[in-house]
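Please read the structure below before turning to the comments.
Numbering (mature numbering (1 follows the signal peptide of the UniProt record, and there is no 0)), first residue to last: -24 to -1, 1 to 267.
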């Protein structure tokens, strides 16, 4: 196997609590704190974009990545700004890149979308999560180039997913769904509740200045945990934090207490999914007696 086909791209996720699966929701990482290793530009370096591989080498004009020049910098925060016209870029020729995004609160997550830029996707991706604010990480999903049976074992020491889930928290190792990757601007979707994928084959013409990764945007679809007292699909972003729009006379960021005077009975969690409202679990106004 070619050396570049073995490259890994690791995406580490900071979480505040255990994540579950959702069916739809919002982008939980929009404008969140994002860091990446091996970011290009310090010191400044030249690079070629993948598209330049189709023209004669004497006609290629290198670009420059310079972290101290905003017009030529490609910092990690570009991956979560909601703009496909910006991107993060790694240094040329590096094999491993780690991207870490801090969620700052717990969400129920369904899938991750990653849009790459002016270079092909990596040969393999490892997604990890943390439930203790980054002190430790555990695997969440593995994504590899065909054949999965071999690559899951070689890259990550695990078996390839065979189509049957043995338990709900099973960590899957799956194969990119598209065998031949686009040259640039590919979006892959990792379905955390099972389905998914993308590839990372070596391109034969690439010179050293083209060996880098670019990521335009990362999205993680999530829902808020509203304890069964609000629609977790709609929790507005306010100063970097999302709060449930509580119903049923409940209060708190997660609707986890009865509002003042609504204390006829103790607060209780709603039946059903934590991101749906259960009217039967609402808080009742307490009895008021006059003097």
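Cβ atoms here follow ideal geometry from the backbone N, Cα and C, with glycine treated the same way.
Just so it is clear, the structure is predicted and the values come from calculations on it, not from any experiment.
Is residue j closer than 8 Å to residue i when the C-beta atoms are compared?
{"i": "residue 81", "j": "residue 218", "result": "yes"}
{"i": "residue 263", "j": "residue 206", "result": "no"}
{"i": "residue 209", "j": "residue 160", "result": "no"}
{"i": "residue 56", "j": "residue 5", "result": "yes"}
{"i": "residue 203", "j": "residue 235", "result": "no"}
{"i": "residue 75", "j": "residue 52", "result": "yes"}
{"i": "residue 78", "j": "residue 14", "result": "no"}
{"i": "residue 40", "j": "residue 22", "result": "yes"}
{"i": "residue 221", "j": "residue 237", "result": "no"}
{"i": "residue 42", "j": "residue 36", "result": "no"}
{"i": "residue 73", "j": "residue 12", "result": "yes"}
{"i": "residue 134", "j": "residue 127", "result": "no"}
{"i": "residue 192", "j": "residue 60", "result": "yes"}
{"i": "residue 113", "j": "residue 106", "result": "yes"}
{"i": "residue 164", "j": "residue 96", "result": "no"}
Could you please give me the residues that DSSP links to residue i through a beta bridge?
{"i": "residue 147", "result": "Paired residues: none, contrary to the question."}
{"i": "residue 220", "result": "According to DSSP, which records beta bridges pairwise, residue 220 is partnered with nothing at all."}
{"i": "residue 67", "result": "Looking at the DSSP assignment, residue 67 forms no beta bridge with any residue, so it has no partner."}
{"i": "residue 87", "result": "167"}
{"i": "residue 233", "result": "227"}
{"i": "residue 15", "result": "66"}
{"i": "residue 205", "result": "253"}
Any idea what DSSP makes of residue i, helix, strand or coil?
{"i": "residue 260", "result": "coil"}
{"i": "residue 198", "result": "strand"}
{"i": "residue 56", "result": "helix"}
{"i": "residue -4", "result": "Unreliable placement is indicated for residue -4, whose pLDDT of 33 sits below 50; no coordinate value is reported for it."}
{"i": "residue 192", "result": "strand"}
{"i": "residue 30", "result": "helix"}
{"i": "residue 185", "result": "For residue 185, the pLDDT reaches just 45, beneath the cut-off of 50, and the residue's location in the model is therefore unreliable, although a value from the coordinates is still provided. Of the three classes helix, strand and coil, the one that applies to residue 185 here is helix, per DSSP."}
{"i": "residue 109", "result": "coil"}
{"i": "residue 5", "result": "coil"}
{"i": "residue 136", "result": "coil"}
{"i": "residue 47", "result": "helix"}
{"i": "residue -24", "result": "Residue confidence for residue -24 is low, a pLDDT of 35 falling below 50, so the modelled location carries little weight and cannot support an answer."}
{"i": "residue 247", "result": "coil"}
{"i": "residue 172", "result": "Bear in mind that the predicted position of residue 172 carries a pLDDT of just 34, short of 50, making it too unreliable to give a figure here."}
{"i": "residue 95", "result": "coil"}
Quick check on the DSSP output: the alpha helix (DSSP H) that includes residue i runs from which residue to which?
{"i": "residue 127", "result": "124 to 127"}
Rounded to the nearest angstrom, how far is the Cβ of residue i from that of residue j, given a contact under 8 Å?
{"i": "residue 309", "j": "residue 226", "result": "A query on residue 309 cannot be resolved here, the shown segment of the chain reaching from -24 to 267 and no further."}
{"i": "residue 132", "j": "residue 118", "result": "5 Å"}
{"i": "residue 147", "j": "residue 3", "result": "Incorrect: roughly 24 Å between the Cβ atoms, too far for contact."}
Starting from residue i, trace the beta strand (DSSP E) in both directions and tell me its first and last residue.
{"i": "residue 116", "result": "114 to 120"}
{"i": "residue 12", "result": "10 to 12"}
{"i": "residue 76", "result": "72 to 78"}
{"i": "residue 241", "result": "Residue 241 -> no beta strand (DSSP E), and no H or E assigned at all."}
{"i": "residue 39", "result": "39 to 41"}
{"i": "residue 22", "result": "21 to 23"}
Just to check, is the beta-carbon of residue i closer than 7 Å to a non-hydrogen atom of the ligand NAP?
{"i": "residue 19", "result": "Although the ligand NAP was asked about, the structure shown includes no ligands whatsoever."}
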